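>
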Amino acid sequence: MKPPSQSRFLFFLLTALLLLTGCGENHQEPESVQEFSHSPSIQAPLQRKKAPYPVVKVYFDGLLSDRGYYENETLFLAPDALCAYFDLSFETQILEESFTMAFPGFELMGWNSLDYMMADSRYFYTPNHYLNVDGRIYLPKDLIERLFGVKIDFSPQDMRAEMDNGVLTLLRGGPDYYTTKFESDDLYWLSRIIYTEAKDQPMEGLIGVGNVVYNRVNSEHFPNTVYDVIFERSPQVVQFDPASTNGIFLEPDERSVIAACMCMEGYNTVGDSMYFVNPRLGDSTWFENDLEFVVSIGDHDFYRS
């Protein structure tokens, strides 16, 4: 046994070390933190792994409450911190390639291999997926805002995020969400034009085809319903080939239906594009000469007027 004076010295030494390495609102997090065992004698320091992504300080109503991460120009936040702040119960199950989170009223499911997540029969575009840091799930900021009805301000320059809404509005959906909230036949026709035009394209491209249809619906130069846009024709021009070859009546696959749902959720991958063409299958001369190029996704080039 060590003399009392030596034990007291070790106690104060450990206390000082903890204070020097403790959490504070204005401190810069070190790359590694010294940790000591509970043995009476000091052991060799253990190194804590540096955070795998740039760290963002997260504030709730002005109080430093959590950390997030910034990766691929996306802010990722942990929903459990928000749930703790609002005293909201939830459960998480993490598997090797997926996760499930159960909140009051809905369940969120995400997969590493897919560009979307699902909650209460609604679909959300998540091309950057999610992060699993030390067994804790971090979701994209946009998804957090949609799930909980909050607004989060984020400054990449300051690496600071703040949620100051103070009001929580939990997501609502249901099996009939897309046929009751939108025009009843929009999902039917939108999923079919996406399937016949882009079934073998990446999810980003499927959404892009749906965006072109909705951009036309919202334009004064085209009909104002999904059905009428798809079947529009003039003596010289058929707007969408599947509408004239009857391909439009083929049963869409699951990816096409999900892409249509995400278009209806407001996701957009092609901006204000009104046209698209596969230059390897069709003549793109008119597109290149008369339109403004926007983006290429998979086999399709997208253009606006």
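In my numbering, the protein residues as written are 19 to 323. Built from N, CA and C at the ideal position, the CB exists for glycine as well. Keep in mind the model is a prediction, meaning the values are calculated, not measured.
1. Counting only the same chain and skipping the five closest in sequence on each side, list residues whose C-beta sits under 6 Å from that of D98.
2. Would L106 and P122 qualify as a contact pair, given that the criterion is a beta-carbon distance under 8 Å?
3. In or out: L299 buried (at least 16 other Cβ within 10 Å) or exposed?
4. Helix, strand or coil for E89 per DSSP?
5. To the nearest angstrom, how far is it from the Cα of D290 to the Cα of F117?
6. Does DSSP classify E43 as helix, strand or coil?
7. Using 8 Å as the threshold, is the region 67 to 81 in touch with the region 171 to 189, meaning 3 or more CB pairs across them?
8. Out of E250, S173 and A102, which one is the CA nearest neighbour of L186?
9. When the Cβ atoms of the region 157 to 169 are set against those of the region 209 to 217, are three or more pairs found closer than 8 Å?
10. Pull up the CB-CB distance for R251 and M292, whole angstroms please, since I reckon it's below 8 Å.
11. Could you name the residues of the same chain whose beta carbon sits closer than 7 Å to that of A2, not counting the 5 residues immediately before and after it, in chain order?
12. Report buried or exposed for D194, applying the criterion of at least 16 other Cβ atoms within 10 angstroms of its Cβ.
13. Quick one: which unbroken beta strand (DSSP E) runs of 3-plus residues sit fully inside the region 149 to 188? Chain order, please.
14. To test your reading of the DSSP string, which unbroken alpha helix (DSSP H) runs of 4 or more residues are found completely within the region 204 to 272?
By the coordinates alone:
1. none
2. yes
3. exposed
4. strand
5. 34 Å
6. Note on E43: pLDDT 40, under 50, position unreliable in the model; the coordinate value appears next. It is coil, neither helix nor strand.
7. yes
8. A102
9. no
10. The pair is not a contact, with the Cβ atoms about 16 Å apart (cut-off 8 Å).
11. Outside the displayed range of the chain (19 to 323) lies residue 2, so it cannot be described from this structure.
12. exposed
13. 149 to 151, 154 to 158, 170 to 173 and 178 to 181
14. 204 to 216, 221 to 235, 244 to 249 and 259 to 263
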